[in-house]
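One structure below.
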Amino acid sequence: MADQAAARVALVAGATGLVGREVLAALLADKAYSKVHCVGRRAPPVTHRKLTCHTVDLKALPALPPVDDVYIALGTTIKVAGSQAAFRAVDYEAVVAVAQAARASGATKLGVVSAMGANPRSAVFYNRVKGEMQEAVCKLGFDSVVIVQPSFIAGDRGSLQQPGRSAEGWALSAMRWLDPLVPANYKTIRAEQVARALIGAVKAGQPGVQRILSGRMQAP
Numbered sequence: 001m002a003d004q005a006a007a008r009v010a011l012v013a014g015a016t017g018l019v020g021r022e023v024l025a026a027l028l029a030d031k032a033y034s035k036v037h038c039v040g041r042r043a044p045p046v047t048h049r050k051l052t053c054h055t056v057d058l059k060a061l062p063a064l065p066p067v068d069d070v071y072i073a074l075g076t077t078i079k080v081a082g083s084q085a086a087f088r089a090v091d092y093e094a095v096v097a098v099a100q101a102a103r104a105s106g107a108t109k110l111g112v113v114s115a116m117g118a119n120p121r122s123a124v125f126y127n128r129v130k131g132e133m134q135e136a137v138c139k140l141g142f143d144s145v146v147i148v149q150p151s152f153i154a155g156d157r158g159s160l161q162q163p164g165r166s167a168e169g170w171a172l173s174a175m176r177w178l179d180p181l182v183p184a185n186y187k188t189i190r191a192e193q194v195a196r197a198l199i200g201a202v203k204a205g206q207p208g209v210q211r212i213l214s215g216r217m218q219a220p
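Mapping to UniProt numbering: the sequence shown position 102 is 102, numbers consecutive.
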């Protein structure tokens with residue numbers, strides 16, 4: 001059993017993002033995985049004997065190498081993307097494309113970072129796109145799907161090198177003051193907490209679809 005577990009291969013999409021880089025670091029340190037592939041427009045600034053990076057256009061993905069578990073932490077904001085259409089291209093189209101390609105390469109377990117409030121029938125565009133993405137990936141035939149829905153994520157946004165995200169730092173500071181007054185699902189959460197919850201649930205492999213709200217990920 002130990003040898004079988006150690007032979008697992010993971011795929012990460014979004015490894016240069018706030019949560020994705022935490023997912024990547026944790027998987028590289030995890031003995032359950034013998035190999036980790038990452039896909040994206042640019043490679044993360046990480047080297048490791050287990051890591052293979054594939055610089056690809058997510059709009060035209062090539063065939064992926066055989067993988068067991070896929071972790072998708074792709075996401076942007078409308079302000080950074082520049083338009084609703086460009087936002088949807090990342091948060092819906094790219095996420096679904098990676099999930100489809102990974103499923104075609106043999107992946108049976110999927111973990112996706114979504115957001116609190118995701119709802120395909122929401123009047124809020126951001127929440128509606130996230131909800132539509134969740135519906136789409138649940139229909140791809142994975143044995144196990146884990147969807148984590150964090151609230152506002154704390155982390156080093158400055159290092160993301162994305163114009164337009166500096167204002168999020170001010171919002172985060174304000175929300176930290178409000179944390180004692182708001183329900184657990186809406187408190188700020190650290191990126192490493194989200195990554196830890198996602199990986200733990202994917203590895204557990206509960207059959208079907210599991211949604212984990214932000215409050216459940218708030219362990220110290």
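The C-beta atom is built at its ideal place from N, Cα and C for all residues, glycine as well.
Nothing here was measured: the structure is a model prediction, and the numbers come from that model.
Three or more Cβ pairs drawn from the stretch 52 to 71 and the stretch 89 to 107 lie within less than 8 Å of each other, which places the two stretches in contact.
In this structure, DSSP gives Ala63 a state outside helix and strand, which the three-state scheme calls coil. Contact check for Tyr71 and Ala115: beta-carbon distance about 16 Å, past the 8 Å limit, so the pair fails to qualify.
By the neighbour-count criterion, in which a residue is buried when 16 or more other Cβ atoms sit within 10 angstroms of its Cβ, Val182 is exposed. DSSP assignment within the stretch 97 to 162 yields the following whole beta strand (DSSP E) runs of 3 residues or more, N-terminal first: 109 to 113 and 144 to 149. Here Val90 really is in contact with Leu74; their C-beta atoms are around 6 Å apart, less than 8 Å. By the criterion of at least three beta-carbon pairs nearer than 8 Å, the stretch 10 to 25 is not in contact with the stretch 79 to 87. With 16 or more neighbouring CB atoms inside 10 Å of its own CB, Gln149 falls in the buried class. Per DSSP, Leu51 is one residue of the beta strand (DSSP E) stretching across Leu51 to Thr55.
Burial is judged here by how many other beta carbons sit within 10 angstroms of a residue's own beta carbon; Phe87 has at least 16 and is buried. Residues Lys35, Val36, His37, Cys38 and Pro65 of the same chain have their beta carbon placed closer than 8 Å to that of Thr52, with the five preceding and five following residues left out of the count. When rounded, the separation of the alpha-carbon atoms in Ile189 and Leu18 is 12 Å. Assignment of Leu27 by DSSP, reduced to helix, strand and coil, places it in the helix class.
Spanning the alpha carbons of Asn119 and Gly141 requires a straight line of approximately 21 Å. For Arg196, the enclosing alpha helix (DSSP H) begins and ends at Ala191 to Ala204. Scanning its chain for C-beta atoms nearer than 6 Å, with the 5 sequence neighbours on each side dropped, one finds around Ala136 the residues Val96, in chain order.
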